[in-house]
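Visitor: My questions all concern the structure below.
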């Protein structure tokens, strides 16, 4: 029987690359995105089917999962990839902006997982992979709300892995470092207008560091992340946390080597935020 994966956030970047990679391996792929017309991948010999899914709309989530099961008969792997970045000072974020970040990055993961779980329980098996971020393990400056959402996804995934293990369902969480996609462009929202007022100097310094690092050899490609997601989905292991990318593994190793306090100080110095 051909395996089936359901992936959220497939309009571009990691999601679209993951659709193509799984399809190339012969999988059925339920590619979900808010607007299927925006898909950046080809239907591969009938293996790929696109479904409209807005992770912030429970009815949309339930309908897309039901349609995917009707089309392919089963879902073996769920990859919760949909999300976006929110950059800027916490103080300047409105309640509406804060709620939108959590509706997409956290409650969206909850909603899709809840919709798929009954199906996986009935089949006594499945793999759920939640895409978090390195910023869900080591918070970057001026990403307080994004980091909070991704820390939540990491904690949710690790705890959920315990409660679903007796049911034959494995849960994994991805923490990729920098990825060479448009994440810092089209998908990046800001908490502030203008130059950020009292935070203008910090914003300028942090943005300069990120700009200097953009496109460096340390950044993983979307295709590399797709390969890593496929490997995790098929490795048959009980591994829960996957730190992906040279920059991510180096930072986690530095944290282990020098400790949290020294790492935090080094990060502030790097971004020019030391007092």
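In the numbering used here, the protein residues as written are 36 to 310. For glycine and all other residues, C-beta sits at the position ideal for the given N, C-alpha and C.
(1) Can you tell me where the beta strand (DSSP E) with residue 172 in it begins and where it stops?
(2) Shortest alpha-carbon distance to residue 43 belongs to which of 272, 74, 37?
(3) Tell me which residue opens and which closes the beta strand (DSSP E) that residue 211 is part of.
(4) In its own chain, which residues sit with a C-beta less than 7 Å from the C-beta of residue 228, not counting the 5 before and 5 after it?
(5) Would you call the segment 115-128 and the segment 166-184 touching, i.e. three or more CB-CB distances under 8 Å?
(6) Quick check on the DSSP output: the beta strand (DSSP E) that includes residue 179 runs from which residue to which?
(7) For residue 108, which three-state DSSP category applies?
(8) Ignore the nearest five residues each way along the sequence and tell me which others in residue 133's own chain have a CB closer than 7 Å to its CB.
(9) Straight-line CA distance for residue 38 to residue 122?
(10) Grouping DSSP H, G and I as helix and E and B as strand, with all else coil, what is residue 140?
(11) To the nearest angstrom, how far is the alpha carbon of residue 45 from that of residue 51?
(12) Helix or strand or just coil, what does DSSP make of residue 234?
(13) On the criterion of 16 or more Cβ atoms from any shown chain inside 10 Å, does residue 129 qualify as buried, or is it exposed?
(14) Residue 64 to residue 174, Cα distance in whole Å?
(15) Among the residues of its own chain, which have a CB less than 6 Å from the CB of residue 189, if the five just before and after it don't count?
(16) Once DSSP output is grouped into helix, strand and coil, what is the label at residue 245?
(17) I need the DSSP call for residue 90, collapsed to helix, strand or coil.
(18) With residue 308 as the anchor, note down where its alpha helix (DSSP H) starts and where it stops.
(19) On the CB-based measure, 16 or more other CB atoms within 10 Å of its CB, does residue 155 come out buried or exposed?
(20) Count the CB pairs spanning the segment 139-155 and the segment 241-261 that are closer than 8 Å, and state whether there are at least three.
Guide: On the basis of the data shown:
(1) It is not in any beta strand (DSSP E) - residue 172 carries neither H nor E in the DSSP assignment.
(2) Proximity to residue 43 across 272, 74, 37 peaks at 74, based on C-alpha coordinates.
(3) 204-211
(4) Correct list: empty, nothing qualifies.
(5) yes
(6) Counting along the chain, residue 179 sits inside no beta strand (DSSP E); it lies in the alpha helix (DSSP H) bounded by residues 179-199.
(7) coil
(8) 180
(9) Computed Cα separation, rounded: 37 Å.
(10) Residue 140 carries a helical assignment under DSSP once its states are collapsed to helix, strand and coil.
(11) 5 Å
(12) It is helical.
(13) exposed
(14) 33 Å
(15) Answer for residue 189: 167, 171, 208, listed in chain order.
(16) helix
(17) coil
(18) Taken as a continuous stretch (DSSP letters only), residue 308 belongs to no alpha helix (DSSP H), as it is neither H nor E.
(19) buried
(20) no
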